[in-house]
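Undergrad: Here you go, one structure.
Chains as they are written, first to last, in our numbering: chain A, 7 to 256; chain B, 887 to 1041.
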């Protein structure tokens, strides 16, 4: 593989890891441009949409090299975003070679996440803290910890299943409301509303909404608009799940 | 006095712990997790200061978002990492969860007026987060580079 092909693949791989793990579209575009810009050539192009990456690298003796990459999955992993950011910075500044950059990127794509147990415990902690903030009741915090921890396991399980986009979110909403209504009679001092709000806090589309606003104002209108719709779909799915379950219990 | 300590110290500390948890759920690098918590502390402290001194929830959300985003941008420069790592956990306490929940319950009870009002409240608060973030995010980088960069050991 010649150096130009390696370079454009590096840019696309970096962009793919970033966009799959929650980076803003403008940052992905910027990183790809910077990596391609190390050639010093003019008319370099790099575009990132929510589900697609495109890069073009002009060549001196041949036709321009242009490649496209489809993005099939999206989640949030700040560690990978940060490491790709560090890698691209080091490559652009000339501290690492092209082959080293490719090697580092491969390492980054296989990085381990926090263990499942850590993640579910912290899901519980988020629910617990926000329930306590809502009602000032330690009992609410305790029950929300149980709901949040179980929700963490459910989120992990649904992430591994192939389901239509809205269905896991709908199920999460159903589960939180079901658990809150189910545990309320066992712990009479609890408040169903704060349990549900606390449980839903880690699931609300704050990340998506914030990125949508940023993308729109950075000029990535298509990506911003798509993410805005995505945020509305997530919020509506969650609300639908909670609503359906509550209508059974109330 | 007890209320002052509770609302201005205990509340922000709880928000800080929650957001550190959120940073871990989002797989933030281990060393950045306390900074994410600090952003949330500043955010919730600002919100409490505004809303408990006569400010509206909209104004509280707007100013708290501005505070958290500014802090995130300073951290982003200091730590040489994307702003999003500190910004998203930082603004989590402001997500209008209660407003969305009230939308659901009022829709179930069939009150069209209440439902519309709650939907508008949720959009207003979400809009405040968006506006507050964007106002700070579009400012030039040099405004947040006033404090000289400290050496990051793992850079």
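In this text, a Cβ means the ideal position worked out from N, Cα and C, and glycines have one as well.
Computed from a prediction, not measured in an experiment: that's the story for all the values here.
Taking C-beta pairs closer than 7 Å, name the residues in chain A that residue 908 of chain B reaches, listed in chain order.
TA: In chain order: 132 and 208.
Undergrad: Between the alpha carbons of residue 48 of chain A and residue 72 of chain A, how many angstroms are there, rounded?
TA: In a straight line, the C-alpha of residue 48 of chain A is about 14 Å away from that of residue 72 of chain A.
Undergrad: Quick one: what's residue 76 of chain A bridged to in DSSP?
TA: Looking at the DSSP assignment, residue 76 of chain A forms a beta bridge with A:58.
Undergrad: Where are the beta strand (DSSP E) runs, 3 residues long or more, that stay fully inside the stretch 85-123 of chain A, in chain order?
TA: Listed in chain order, there is nothing to give.
Undergrad: What are the residues of the stretch 32-61 of chain A that lie near chain B, defined by any Cβ-Cβ distance shorter than 7 Å?
TA: Within the stretch 32-61 of chain A, the residues whose Cβ lies closer than 7 Å to some Cβ of chain B are 33, listed in chain order.
Undergrad: Suppose contacts are defined by Cβ-Cβ distances below 8 Å. Is residue 934 of chain B in contact with residue 898 of chain B by that definition?
TA: Yes. Within cutoff.
Undergrad: What is the rounded straight-line gap between the Cα of residue 1000 of chain B and the Cα of residue 1009 of chain B?
TA: Going by the C-alpha atoms only, they are around 14 Å apart.
Undergrad: Looking only at C-alpha atoms, which of A:127, A:63, A:254 and A:134 sits nearest to residue 8 of chain A?
TA: With distances taken between Cα atoms, residue 8 of chain A lies closest to A:63.
Undergrad: By how many angstroms is the C-alpha of residue 233 of chain A removed from the C-alpha of residue 198 of chain A?
TA: Taking the straight line from one Cα to the other gives about 31 Å.
Undergrad: How close, in whole Å, do the beta carbons of residue 26 of chain A and residue 79 of chain A come, if the pair is a contact with beta carbons under 8 Å?
TA: Going by Cβ atoms, the distance from residue 26 of chain A to residue 79 of chain A rounds to 6 Å, so yes, they are a contact pair.
Undergrad: Closest Cβ-Cβ distance between residue 68 of chain A and chain B: below 8 Å?
TA: Closer than 8 Å: no.
Undergrad: Is it buried or exposed for residue 123 of chain A, if we count other Cβ within 10 angstroms and need 16 for buried?
TA: Exposed: under 16 other Cβ atoms inside 10 Å.
Undergrad: In chain order, what residues of the same chain have a beta carbon less than 7 Å from the beta carbon of residue 214 of chain A, not counting five sequence neighbours either side?
TA: Around residue 214 of chain A: 233, 236, 237 and 240.
Undergrad: Taking only the alpha-carbon atoms, compute the straight-line gap between residue 204 of chain A and residue 136 of chain A and give it to the nearest angstrom.
TA: Distance between the alpha carbons of residue 204 of chain A and residue 136 of chain A: 5 Å.
Undergrad: Specify, as a first and last residue, the run of the alpha helix (DSSP H) that residue 959 of chain B falls within.
TA: First-last of the alpha helix (DSSP H) with residue 959 of chain B: 943-965.
Undergrad: Assign residue 967 of chain B to buried or exposed, taking buried as 16 or more other Cβ atoms, counted over all protein chains shown, within 10 Å of its Cβ.
TA: By the 10 Å Cβ count, residue 967 of chain B comes out buried.
Undergrad: Beta-carbon separation of residue 200 of chain A and residue 140 of chain A under 8 Å?
TA: Yes.
Undergrad: For residue 956 of chain B, which residues in the same chain have their Cβ closer than 8 Å to its Cβ, ignoring the five residues on either side in sequence?
TA: Excluding sequence neighbours, residue 956 of chain B sits near 1022 and 1030.
Undergrad: Using a 10 Å radius around the Cβ and a threshold of 16 neighbouring Cβ atoms, would you call residue 116 of chain A buried or exposed?
TA: Flag for residue 116 of chain A reads exposed.
Undergrad: Measuring only the C-alpha atoms, how far is residue 89 of chain A from residue 972 of chain B?
TA: Each residue's Cα considered, the two are about 15 Å apart.
Undergrad: Find the residues of chain B that neighbour residue 85 of chain A, judging by a C-beta separation of less than 7 Å, and give them in chain order.
TA: The answer, in chain order, is 913, 914 and 915.
Undergrad: Can you pull the chain B neighbours of residue 257 of chain A, defined as C-beta to C-beta under 9 Å?
TA: Look at the range of chain A in this structure, 7 to 256, and you will see that residue 257 of chain A is not part of it.
Undergrad: Could you tell me how far apart the beta carbons of residue 146 of chain A and residue 196 of chain A are, in whole angstroms, since I believe they sit closer than 8 Å?
TA: With a Cβ gap of about 5 Å, residue 146 of chain A and residue 196 of chain A count as contacting.
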